[in-house]
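Accompanying notes for the structure given below.
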Amino acid sequence: MARVLDRLDLVSSRLALDHLDHVLRVEVLEAQADAGAERRHGRRSPRGARPASPVRVRVGSLPGWLIGRPDEVPVWRAECAAPAPAPALRGRCVADVAIVGGGFTGVSTAWHLATRRPGLGVVLLEAGVLGEGASGRNAGQVLHGIPGVDPRTPEEARRIHEATGAGIDLAEALAARFAPGAFRRAGALELYTDARRAESAARRVEAQRAAGIPAAFVPAGALRIRGAAGAVLDPEAGRLNGFALLQGMRPALAAAGVRVHERTPVRRVRPGAEVALETPEGEVRARALVLATNAYTPALGFFRSGILPLHSHVLATAPLPAERWDAIGWGAWDGFSDDMDRIAYASRTPGGRLLFGGGGNAAYAYRFGGATAPSARGADQAARFMQSALLRYFPALADAPIERRWAGTLAITLDRVCSMGVGGDARNVYHALGYSGHGVALALLAGRVLADLYEGNHDAWRDLPFYQKRLPPLPPEPLRWLAYQAYTRLTGRSPRRQPDLANARRRGPDT
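Here you go:
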């Protein structure tokens with residue numbers, strides 16, 4: 150059985166299927182696993198495993214204008230300055246609360262706990278630097294809504310809009326204080342390329358407005374994006390440079406008494422009334438644990454059956470002059486996501502770059518066993534399909550240089566609904582995860598939610614779908630990998646629930 154699983158892992162790194170211009174292409178890719186990246190997250194190759202000899206076939210070369218390496222520095226990191234990393238943990242540390250993960254969830258939780266309860270011992274451990282994971286690798290769109298949840302009543306719709314709107318407000322307030330210029334609120338579009346879905350969206354906007362939710366339908370004639378049949382504008386959505394915010398908050402966390410240790414991966418967790426965390430050069434013992442690791446949580450031994458780590462590939466152009474933005478029909482809004490099965494999304498960065506992701510199944514990759522390091526050759530294929538999707542909307546950018554491309558690992562759940570709550574035999578393990586590509590506002594809000602739960606205030610969140618949500622189980626390997634390939638490759642759909650035409654509210658990936 151072990152040999153079968155090893156072989157499937159090899160196949161998963163070699164086989165990529167997609168449908169482009171109605172032609173099914175199969176490309177056999179070299180099995181070049183990123184062992185260094187895997188080791189950073191505590192994964193090791195089986196003892197005695199022999200590297201597979203690569204299978205060589207001719208594959209399409211990248212376009213000449215597509216430059217840069219996969220998993221390069223994301224554009225958000227390139228557009229801001231970052232201080233030297235905080236020191237890694239060395240030796241033993243005792244705390245009231247240990248937080249694993251330095252993204253939106255972990256930093257927001259640390260901030261809320263430390264500012265509410267001065268003197269509380271909080272330690273935050275991050276395997277890289279704050280914002281190095283999905284929080285600094287996303288599209289930057291800060292949106293309303295909870296993936297996988299279609300409100301059944303106006304009251305439920307208002308409640309979800311209010312709660313996730315609080316996450317947007319929090320992003321705005323924190324950025325104004327700790328990272329000026331990192332946040333902008335100019336709205337975001339849901340772009341429809343199908344006339345029937347656009348008509349349904351227009352009716353949905355009427356229902357939202359009747360419920361007191363700000364929204365506007367933008368007809369095709371008011372859009373200059375090729376192929377657009379209409380769009381829904383959320384005027385309260387925003388754009389955030391998450392890396393800039395999280396790095397900007399690090400000094401404030403220290404001033405509030407939080408001990409931040411970067412370059413400190415957690416190798417092992419021993420839960421109990423006193424939680425023990427092992428790191429390469431130290432140990433933390435705490436009375437409570439916060440899992441703020443999203444897609445990396447299964448590697449720590451939690452939520453193994455409920456989380457699907459997915460690699461989302463992104464690219465960014467070189468800075469475009471203002472007249473180029475006008476020429477391609479980009480409006481005042483910050484970004485958009487579309488209605489295609491292989492969902493595509495785009496944002497305009499503060500530095501004037503066009504960020505683009507999705508647009509093909511290759512842009513959303515699941516590796517056998519939930520490996521969290523992306524495949525380099527898989528990234529090359531993703532870049533080709535992203536280029537095709539980008540030019541479908543903006544053909545005038547055919548000569549625009551691509552400055553960089555990268556990948557981020559997000560966490561998908563079977564029903565796409567995230568979970569925030571507390572569990573464990575000692576009821577001292579807190580979690581917020583499974584944002585399913587929609588995590589900027591939700592993950593920042595999670596810090597407030599988990600701080601409330603830590604203080605015993607559950608009532609404020611009981612009526613929301615993510616509260617103490619049990620994640621539906623995914624099938625074990627190899628069925629999990631096979632099911633993912635079958636669904637995404639044979640149906641041609643993105644790894645995201647397809648909405649009901651009349652009622653659904655879907656957004657593009659933002660984490």
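Residue numbers (our numbering): 150 to 660.
The beta-carbon is built from N, C-alpha and C at its ideal position, and this holds for glycine as well.
- Annotation for Arg241: the continuous beta strand (DSSP E) segment containing it runs Gly240 to Val249.
- Looking only at Glu304, Leu563 and Ala493, the smallest Cα-Cα distance to Gln536 is reached by Ala493.
- Per DSSP, Leu449 lies in no alpha helix (DSSP H) segment and is marked neither H nor E.
- Between Ser585 and Lys618, the gap from beta carbon to beta carbon reaches 8 Å or more.
- With fewer than 16 other Cβ atoms from the protein chains shown falling within 10 Å of its own Cβ, Pro400 counts as exposed.
- A residue is called buried once 16 or more other Cβ atoms fall within 10 Å of its Cβ, and Val367 is buried on that count.
- Note that the C-beta distance between Gly289 and Asn390 is below 8 Å.
- Where Thr264 is concerned, the enclosing alpha helix (DSSP H) starts and stops at Phe253 to Arg265.
- Secondary structure at Phe392: helix, using DSSP grouped into helix, strand and coil.
- About 12 Å separates the CB atoms of Ala435 and Tyr603; that is not less than 8 Å, and the two are not in contact.
- A residue is called buried once 16 or more other Cβ atoms fall within 10 Å of its Cβ, and Asn577 is buried on that count.
- Val571 has its alpha-carbon roughly 42 Å from the corresponding atom of Arg533.
- C-alpha of Leu394 to C-alpha of Trp225: approximately 10 Å in a straight line.
- Secondary structure within the stretch 521-589: the alpha helix (DSSP H) runs of 4 or more consecutive residues, fully enclosed, are 525-542 (chain order).
- Contact check for Ala364 and Val381: beta-carbon distance about 6 Å, within the 8 Å limit, so the pair qualifies.
- The DSSP-derived three-state label of Pro614 is coil.
- For Phe517, there is no enclosing beta strand (DSSP E), as DSSP gives it neither H nor E.
- Annotation for Ala359: the continuous alpha helix (DSSP H) segment containing it runs Ala344 to Ala359.
- The stretch 407-419 and the stretch 270-279 touch, with three or more beta-carbon pairs separated by less than 8 Å.
- Going by C-alpha positions, Ala337 is about 43 Å away from Ala425.
- Taken atom to atom, the span from the alpha-carbon of Trp260 to that of Gly583 is near 21 Å.
- In this structure, the CA atom of Ala231 is about 33 Å from the CA atom of Gly518.
- Cβ atoms of Ala320 and Val589 come within 8 Å of each other, at about 7 Å.
- As the crow flies, the alpha-carbon of Ala386 is around 14 Å from that of Ala322.
- Between the alpha carbons of Gly508 and Ser284 lies a gap of roughly 21 Å.
- A direct Cα-to-Cα measurement between Thr640 and Ala511 gives close to 14 Å.
- Looking at the DSSP output, Ala465 bridges to Leu504 and Arg553.
- Taking the C-beta atoms as reference points, Gly379 is found nearer than 8 Å to Ala351.
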